[in-house]
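Report on the structure given below.
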Amino acid sequence: RRSPQARPCPEPCPLLHPRIPLRRLKSLRQRLEEHGLLEHFLKQHPYNRASKYFPVFAGTTSSEPLQNYMNLEYVGTISIGTPPQEFTVIFDTGSANLWVPSVYCSSRACTNHRRFDPARSSTYRGTTTSVATWYGTGSMVGVLGYDTVTVSVGNIQVQNQVFGLSQAEPGSFLAHAPFDGFLGLAFPNISSSGATPIFDNMMSQGLVSQDLFSIYLTPNKRNGSFVLFGGIDDTYFTGNLSWIPLTAQSYWQIKVDSITMYGRPIACPYGCQAIVDSGTSLLAGPTRSVGNIQYEMGARRSASGVYLVSCSFIRLLPDIVFVIAGTQFPLPPQQEDGSCMSGFEGYTLPTATSELWILGDIFLRHYYSVFDRANGMVGLAPAV
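With UniProt numbering applied, the sequence shown corresponds to residues 1 to 384, in that order.
Okay, here's the thing in structure tokens:
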């Protein structure tokens, strides 16, 4: 299969390369801490990260635990309707639905955010199809509708896009979330209620010049992160992209050869699967394997549930290396902001499932990533 070529994308990008700037804000975890709500939230909402990828854990075919978004900081802006109504959303390669709050929802979680009003849009078309997305002990219940969705500074308009309008959102915790809704970028076969994902409509409506999109996440707190639809901008990475074939076309799932430290395997010694997920902040893996990594790093669990490492010790640790398709992708143990928190978290997998890792934003901050629908591949290269 022929790999797509990286092409410089001057500012502003051409029409067929819609670029959506992403802003880095305080995470939901940070906001809950500031309001003294974090400890109560963690007690009231026990969860297992596997429920996002294995719905049997949540007892529903549509599961999006709110805690999956606890540490996310990158958000972008879209608008829906005619005239456009603006929303801040998370661009999530680990889910496939577009969701925003609506005027049908009167809970604080909705009223603290922008809400879509169908009556204000001349292009809105309603349905009677209901949809539900679960968040730990609660759920977001809504109805599907169709309208024009506008993305990027180039005003790319996706016609007849199906999206969820929430009618009820759980608890007061979402009231503090730094985002209004979610925009899923995974494959159609995992979307709730058979809704067509927005990128599929971009492709079918000829709005992108290549059937791929790429993501760049800045380190530290500086601006400049983006999602680029239909293009690859080679000014944001060094060397060549490593192209990795997908092992499933539901999530952006690939094979990892091994995970090493000190030159020896510390996890995934015989190969394992991994999902590249911009909708997860950390690096997640099976509890036992992550426990090995936390032990090697000298990490200790804090009262708030995060693993901390001695700052004097973490600077001495070698890189943790993900070997993928024969190429090494090293990650420094210390995070870009200089914090001494471990970027790994463990979760419990179904017994019949082989080892599965989730490569979240901590990984993506180090590697420019390309999600190629045409060839069924993920491309990775060191980010600048």
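Ideal Cβ positions, reconstructed from N, Cα and C, are used throughout, including at glycine.
Closest Cα partner of residue i within the set the options
{"i": "tyrosine 307", "options": "Arg315, Pro318, Leu317 and Tyr295", "result": "Tyr295"}
{"i": "serine 281", "options": "His17, Arg19 and Leu28", "result": "Leu28"}
{"i": "leucine 356", "options": "Ile198, Tyr251 and Val143", "result": "Tyr251"}
{"i": "asparagine 375", "options": "Ile244, Val162 and Pro178", "result": "Ile244"}
{"i": "alanine 132", "options": "His176, Gln157, Arg114 and Ser191", "result": "Ser191"}
{"i": "alanine 267", "options": "Ala119, Ile293, Arg31 and His17", "result": "Ile293"}
{"i": "glutamine 354", "options": "Val103, Gly285, Gly230 and Arg115", "result": "The amino acid occupying residue 354 in the given sequence is serine; glutamine does not appear at that position. Measuring from the Cα of serine 354, the nearest candidate turns out to be Gly285."}
For residue i: DSSP bridge partner residues
{"i": "tyrosine 104", "result": "DSSP, once it has assigned bridges, lists no residue as partnering tyrosine 104."}
{"i": "alanine 132", "result": "Val141"}
{"i": "aspartate 92", "result": "Gly184"}
{"i": "arginine 125", "result": "Tyr146"}
{"i": "threonine 348", "result": "Note: threonine 348 sits in no beta bridge, so no partner."}
Other residues of its chain near residue i: CB distance less than 8 Å, five sequence neighbours each side excluded
{"i": "residue 463", "result": "Nothing about residue 463 can be read from this structure; the chain reaches only from 1 to 384."}
{"i": "phenylalanine 302", "result": "The identity of residue 302 in the sequence shown is serine, whereas the question assumes phenylalanine. These residues qualify, in order along the chain: Leu308."}
{"i": "proline 382", "result": "Phe237, Thr238, Gly239, His366, Tyr367 and Tyr368"}
{"i": "glutamate 33", "result": "Ser304"}
{"i": "threonine 218", "result": "Arg24, Gly224, Ser225 and Arg365"}
Whole-number beta carbon distance between residue j and residue i, since they are thought to touch under 8 Å
{"i": "residue 446", "j": "tryptophan 99", "result": "Because the chain in this structure spans residues 1 to 384, residue 446 falls outside the shown range and cannot be described."}
{"i": "threonine 123", "j": "threonine 148", "result": "5 Å"}
{"i": "valine 384", "j": "tyrosine 270", "result": "Actually they are not in contact, since the Cβ atoms of valine 384 and tyrosine 270 sit about 34 Å apart, beyond 8 Å."}
{"i": "aspartate 180", "j": "phenylalanine 87", "result": "4 Å"}
{"i": "leucine 359", "j": "valine 276", "result": "5 Å"}
{"i": "glutamine 159", "j": "aspartate 117", "result": "Not a contact, Cβ separation roughly 20 Å."}
{"i": "residue 412", "j": "isoleucine 90", "result": "Absent from the structure is residue 412, since the part of the chain shown begins at 1 and ends at 384."}
{"i": "alanine 96", "j": "proline 178", "result": "Not really, about 22 Å apart at Cβ, beyond 8 Å."}
{"i": "leucine 185", "j": "phenylalanine 371", "result": "7 Å"}
{"i": "proline 265", "j": "methionine 297", "result": "Actually they do not touch by this definition, with Cβ atoms about 16 Å apart."}
7 Å CB neighbourhood of residue i in its chain, flanking five on each side removed
{"i": "threonine 287", "result": "Gly346, Tyr347 and Thr348"}
{"i": "cysteine 110", "result": "Pro101, Ser166 and Glu169"}
{"i": "valine 290", "result": "Phe344, Glu345 and Gly346"}
{"i": "threonine 247", "result": "Gln253, Ile254, Lys255 and Gln273"}
{"i": "alanine 325", "result": "Ser242 and Ile244"}
{"i": "tyrosine 216", "result": "Ser225, Phe226, Tyr236, Tyr368 and Ala383"}
Contacts around residue i, its chain only, beta-carbon distance under 6 Å, and the 5 residues preceding and following it disregarded
{"i": "glycine 59", "result": "With a pLDDT of 38 at glycine 59, under the threshold of 50, the modelled position of that residue is not reliable, and the figure given next carries that caveat. None."}
{"i": "serine 107", "result": "Glu169"}
{"i": "aspartate 211", "result": "Met203, Arg373 and Ala374"}
{"i": "glycine 142", "result": "Val131, Gly164, Leu165, Ser166 and Gln167"}
{"i": "glycine 230", "result": "Leu16, His17, Val208, Ser209 and Gln210"}
Across the stretch 76-92 and the stretch 18-25, are there enough close Cβ pairs to call them in contact, namely three or more that are closer than 8 Å?
Yes: at least three Cβ pairs fall under 8 Å.
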